[in-house]
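In the UniProt record's numbering, the protein residues as written are 1 to 133.
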């Protein structure tokens with residue numbers, strides 16, 4: 001009878017160890033997940049190159065990778081500059097179109113009245129009032 005009870009609950013012992021292993025593995029995965037800083041320094045070449053004498057024979061040496069990274073950075077910088085220049089040109093075109101619309105649709109007499117300073121406007125009103133009296 002005791003043997004049957006031990007066999008029936010042996011799966012609990014096995015399941016406990018499996019769950020404990022999974023929990024520890026998940027904690028390790030969360031604590032040591034790759035961060036931005038880790039990825040930045042992941043492929044730095046070693047300072048001591050004397051150990052790897054065959055490094056010159058490799059197709060992808062560290063010098064090639066650094067040159068490739070620099071090339072990619074310059075391409076992305078040029079791409080960003082081109083995008084900024086295009087955005088600036090589009091913005092200038094929009095402003096020019098707005099100014100053309102204003103020139104066509106708004107008469108200059110209205111614009112002159114809107115552009116007068118308060119002081120100029122006051123003096124002009126006083127001059128007109130004095131003429132009326």
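The beta carbon of each residue, even a glycine, is placed where N, CA and C say it ideally should be.
All of these numbers come straight from a predicted model, not from anything done at the bench.
Using C-beta distances below 8 Å, list every residue in its chain close to residue 11, excluding the 5 sequence neighbours before and after it, in chain order. Cβ-Cβ distances below 8 Å link residue 11 to nothing in the same chain once the five nearest sequence neighbours on each side are left out.
Give me the Cα-Cα distance between residue 24 and residue 34, rounded to the nearest whole angstrom. Within the model, the alpha-carbon separation for residue 24 versus residue 34 is close to 17 Å.
Can you grab the Cα-Cα spacing for the pair residue 106 / residue 37, in whole Å? When the Cα atoms are used, residue 106 and residue 37 turn out to be separated by approximately 57 Å.
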